[in-house]
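Line by line, the protein sequences are chains D and P. For our numbering, count along the first sequence from 1 and bump the result up by 1. Mapping of the second sequence onto our numbering: position 48 corresponds to residue 45, and the numbering continues sequentially without gaps. Built from N, CA and C at the ideal position, the CB exists for glycine as well. Only a predicted model underlies this, so the values are computations on that prediction, with no experimental measurement involved. Report on one structure; see the data block that follows.
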Amino acid sequence: KAGVTQTPRYLIKTRGQQVTLSCSPISGHRSVSWYQQTPGQGLQFLFEYFSETQRNKGNFPGRFSGRQFSNSRSEMNVSTLELGDSALYLCASSFGGFVEKLFFGSGTQLSVL
Amino acid sequence: AQTVTQSQPEMSVQEAETVTLSCTYDTSESDYYLFWYKQPPSRQMILVIRQEAYKQQNATENRFSVNFQKAAKSFSLKISDSQLGDAAMYFCAYRSARDSNYQLIWGAGTKLIIKP
Chain D
2 KAGVTQTPRY
12 LIKTRGQQVT
22 LSCSPISGHR
32 SVSWYQQTPG
42 QGLQFLFEYF
52 SETQRNKGNF
62 PGRFSGRQFS
72 NSRSEMNVST
82 LELGDSALYL
92 CASSFGGFVE
102 KLFFGSGTQL
112 SVL
Chain P
-2 AQTVTQSQPE
8 MSVQEAETVT
18 LSCTYDTSES
28 DYYLFWYKQP
38 PSRQMILVIR
48 QEAYKQQNAT
58 ENRFSVNFQK
68 AAKSFSLKIS
78 DSQLGDAAMY
88 FCAYRSARDS
98 NYQLIWGAGT
108 KLIIKP
């Protein structure tokens, strides 16, 4: 069974640009959540989607957005990139039940120059 | 708001020995879930062990066990017979049991070094 796939693995952008990250969950999983990991702030929750609906959102500005498609694949978008957006972005999938084991991808390392 | 604190930025242990990683949390809720995740250099978070707050019995998974002290809001991870493959960042995480809250709240992590 294939794991959670995140693409791309590495990304370099400049300030002011926008970026889209992709996450393909494990087959059958309907929930995808996103986390930002930085050395300074640690791991912070961005948002969670289940069956194309956002169920939870963390405390991030509106520049951070996401969506989920009917095949459960998810994308997150960051517009008008800032230097502070440089981070490892992790996505996790599960069947969607309330407290289940989350399966994480290996992340996308975003560098903003 | 809930917080999770890991006071040990780094720990080291000799291979085959036992090590305990500390985690404390703050919450006003009575029902919640606690987790330990491992993040090796591959960056992929892997669930090590999970504890439901309403269960008094400490969770165990092979060489990994927890000491859950609800009153003290403490949730430590014990790794027995440490192996080289255990070297990684370990994160403690909290999740509310409220039906509408799906997010994990994370500690800052502890880097575990295994000495051969």
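Check the Cβ-Cβ distances between R60 of chain P and every residue of chain D, and say whether any is below 8 angstroms. Taking Cβ atoms only, chain D never reaches closer than 8 angstroms to R60 of chain P, which makes this a no.
Tell me whether T57 of chain P is buried or exposed, calling it buried when 16 or more other Cβ atoms sit within 10 Å of its Cβ. Burial is judged here by how many other beta carbons sit within 10 angstroms of a residue's own beta carbon; T57 of chain P has fewer than 16 and is exposed.
How about Y99 of chain P and N72 of chain D: are their beta carbons less than 8 angstroms apart? Y99 of chain P places its beta carbon 8 angstroms or farther from that of N72 of chain D.
In terms of residue numbering, what span does the beta strand (DSSP E) encompassing S25 of chain D cover? That run of the beta strand (DSSP E) goes V20 to S25.
Please give the ranges of any beta strand (DSSP E) in the stretch 42 to 113 of chain P, keeping only runs that are unbroken, at least 3 residues long and fully inside the region. 43 to 49, 61 to 66, 71 to 76, 85 to 93 and 107 to 112, all fully within the stretch 42 to 113 of chain P.
For D23 of chain P, name the three-state secondary structure that DSSP assigns. Strand at D23 of chain P.
Using the Cβ count rule (16 or more neighbours within 10 Å means buried), how would you classify Y22 of chain P? Y22 of chain P is buried by the Cβ-count criterion.
Grab the span of the beta strand (DSSP E) containing K58 of chain D for me, first residue to last. Looking at the DSSP string, the run of the beta strand (DSSP E) that includes K58 of chain D is T54 to K58.
Using a cut-off of 7 angstroms between C-beta atoms, extract the partners of L89 of chain D located in chain P. In chain order: R40.
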